[in-house]
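Chemist: Pasting a structure here, questions to come.
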Amino acid sequence: MLSRYSARLSARPFCRPACPIARYSTAPPPAPAAAPLPSSSSSLPPKYSSPSARQHRYRREAPIPRDLPKVQSSTPILLAVALIATASWGGFLFYATNNERANSSVVRSLAFQLRSSPVVHEFLGDNVKMPPLVGEFKRVKGSINMLAGRIDVQFRVKGSQAGGTAAFTSVRRGKEGRFEVLRWNITRDDGQVLDLRTRDPAELLRADDGGVSTPAAAAAVGRHLV
43 MLSRYSARLS ARPFCRPACP IARYSTAPPP APAAAPLPSS SSSLPPKYSS PSARQHRYRR
103 EAPIPRDLPK VQSSTPILLA VALIATASWG GFLFYATNNE RANSSVVRSL AFQLRSSPVV
163 HEFLGDNVKM PPLVGEFKRV KGSINMLAGR IDVQFRVKGS QAGGTAAFTS VRRGKEGRFE
223 VLRWNITRDD GQVLDLRTRD PAELLRADDG GVSTPAAAAA VGRHLV
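Going by the working numbering, the letters in the sequence shown line up with residues 43 to 268, in that order.
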């Protein structure tokens, strides 16, 4: 019986039941099972009737069709600015040139003659003067060019009885010549005309009491009327 037990021990391998070598084995893991081979019918690539469409990662919505906004033209604004600038510049030139004519020595001498002439007083009345158009603005039409030898002015005059328009035109004959009066008259509002060119400057400035004229005034007017 002892021999049987010894024969069993010799037949079984010597190993402990809780051997750490058996618990932590270093054998490689089993290889995964191989995929089955495709059949002969599935080995060919699939066939498509048309090319595939490109797939976008982010799909965007189609924009809504609408008309483009209308851009407003700047032409009317530019035209308005140009018109205002032109009108302002024209008004300034008109005021400057008219003020220069109204304050010239020629117009002041003519106005002095009209205020001092008894003939003009009988034609227009007393207190003959140049009435202002607006405020102190006195309108004098025409031009005064002493260098070129041309004087042509028209201005409004008014007395206590009537009003009218005085016109004076004078030219110089030659560079060293004297001014020649071509027109010097007053046209009253009712159409009557008083010609002052044919009158003697001394007669125009003669006083009513005794027929004595002022020599200084006559000489001043004579320088512009001859």
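Here a beta-carbon is modelled for each residue, glycine too, at the ideal position from N, C-alpha and C.
Comparing C-alpha positions only, which one of ASP231, ASN227, LEU125 and GLY133 sits nearest to VAL161?
Modeler: For VAL161, the nearest C-alpha among the options comes from ASN227.
Chemist: Going by alpha carbons, who is nearest to GLN155 out of GLU178, ALA208, PRO173 and LEU189?
Modeler: With distances taken between Cα atoms, GLN155 lies closest to ALA208.
Chemist: In chain order, what are the residue ranges of uninterrupted beta strand (DSSP E) at least 3 long that sit wholly in the stretch 197-227?
Modeler: 205-214, all fully within the stretch 197-227.
Chemist: Please determine, among ALA190, GLN196 and MET188, the residue with the shortest C-alpha to C-alpha distance to ARG181.
Modeler: Checked all of ALA190, GLN196 and MET188; the closest Cα to ARG181 is GLN196.
Chemist: By a C-beta neighbour count over all protein chains shown, 10 Å radius and 16 as the cutoff for buried, is GLY219 buried or exposed?
Modeler: Its Cβ having fewer than 16 others within 10 Å, GLY219 is exposed.
Chemist: Would the stretch 209-218 and the stretch 172-181 be scored as touching if the rule is three or more Cβ pairs under 8 Å?
Modeler: Verdict: no, contact absent.
Chemist: Hey, is the stretch 159-174 in contact with the stretch 127-141, meaning 3+ C-beta pairs nearer than 8 Å?
Modeler: With the cut-off at 8 Å, the stretch 159-174 and the stretch 127-141 do not touch.
Chemist: Take ARG192 and list the residues in its own chain whose beta-carbon comes closer than 6 Å to its own, dropping the five residues that flank it on each side.
Modeler: Taken in chain order, the residues that qualify are VAL213.
Chemist: Is it the case that the Cβ atoms of ARG150 and ILE186 are separated by a distance below 8 Å?
Modeler: For ARG150 and ILE186, no; Cβs fall outside 8 Å.
Chemist: Under 8 Å between the Cβ atoms of GLY206 and THR229?
Modeler: For GLY206 and THR229, yes; Cβs fall inside 8 Å.
Chemist: Is GLN234 close to chain B, meaning its C-beta is less than 8 Å from at least one C-beta of that chain?
Modeler: Although the question refers to chain B, the structure presented lacks it and comprises just one protein chain.
Chemist: Between HIS163, ASP237, ARG157 and MET188, which lies nearest to ARG225 when the distance is taken from Cα to Cα?
Modeler: Answer by Cα proximity: ASP237.
Chemist: Nearest to LYS183 by CA position, among GLU164, PHE165, HIS163 and ALA138, is which residue?
Modeler: Of the listed residues, the one whose Cα sits closest to LYS183 is ALA138.
Chemist: For ASN187, write down the residues that DSSP places opposite it in a beta bridge.
Modeler: Answer is ARG192, bridged to ASN187.
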